[in-house]
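For reference, the structure discussed in these notes is given below.
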Amino acid sequence: VEYIQDTIDSYKELNGRSSHFEKVQGVNAMIRRGPLGVVLCLGPYNYPLNETFSLLIPALIMGNTVIFKPAKHGVLCISPLLRAFRSSFPKGVINIVYGRGS
2 VEYIQDTIDS YKELNGRSSH FEKVQGVNAM IRRGPLGVVL CLGPYNYPLN
52 ETFSLLIPAL IMGNTVIFKP AKHGVLCISP LLRAFRSSFP KGVINIVYGR
102 GS
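Going letter by letter, the sequence shown gives residues 2 to 103 in the numbering used here.
Below, the structure is given as structure tokens:
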């Protein structure tokens with residue numbers, strides 16, 4: 002839970018400007034923060050709880066809808082949490098796809 006809270010807190014600290022230019026060491030860059038639309042998140046097998054939510058939360062905070070495919074190992078552990086998490090959002094914001102991946 003602490004890991005998830007740290008993820009949320011770090012995204013709250015992002016600069017709120019939608020875009021701005023930066024020049025660092027002679028390189029010009031434009032930073033643009035905004036929704037991409039639909040984001041695919043592939044769940045890892047090695048840390049199914051922490052890494053799942055560290056993928057989902059940033060995508061949702063930025064205003065995207067998510068298609069999430071959990072790893073086949075650990076699906077029984079993460080499924081109840083995903084259902085509870087998904088029920089907190091309007092229908093279609095978090096979409097979960099189960100399967101073998103092949």
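Virtual Cβ for every residue (Gly too), placed ideally from N, Cα, C.
Is the shortest distance between the beta-carbon of Tyr99 and the beta-carbons of chain B less than 8 angstroms?
You won't find chain B in this structure, because it holds only one protein chain.
For Cys42, write down the residues that DSSP places opposite it in a beta bridge.
As a position in the sequence shown, residue 42 is number 41, starting the count at 1. In DSSP, Cys42 forms a bridge with Phe69.
Rank Pro59, Leu41, Pro71 by C-alpha distance to the C-alpha of Ser11 and give the top, closest one.
Translated into the one-based positions of the sequence shown, residue 11 becomes position 10. For the residues Pro59, Leu41, Pro71, the minimum Cα distance to Ser11 belongs to Pro59.
So for Lys13, helix, strand or coil by DSSP?
Reading the sequence shown from its first residue, position 12 is the one you call residue 13. DSSP places Lys13 in helix when its eight states are reduced to three.
Does DSSP put Gly34 in a helix, a strand or coil?
If you number the sequence shown from 1, residue 34 lands on position 33. The sequence given here has Arg at residue 34, not Gly. Three-state result, Arg34: coil.
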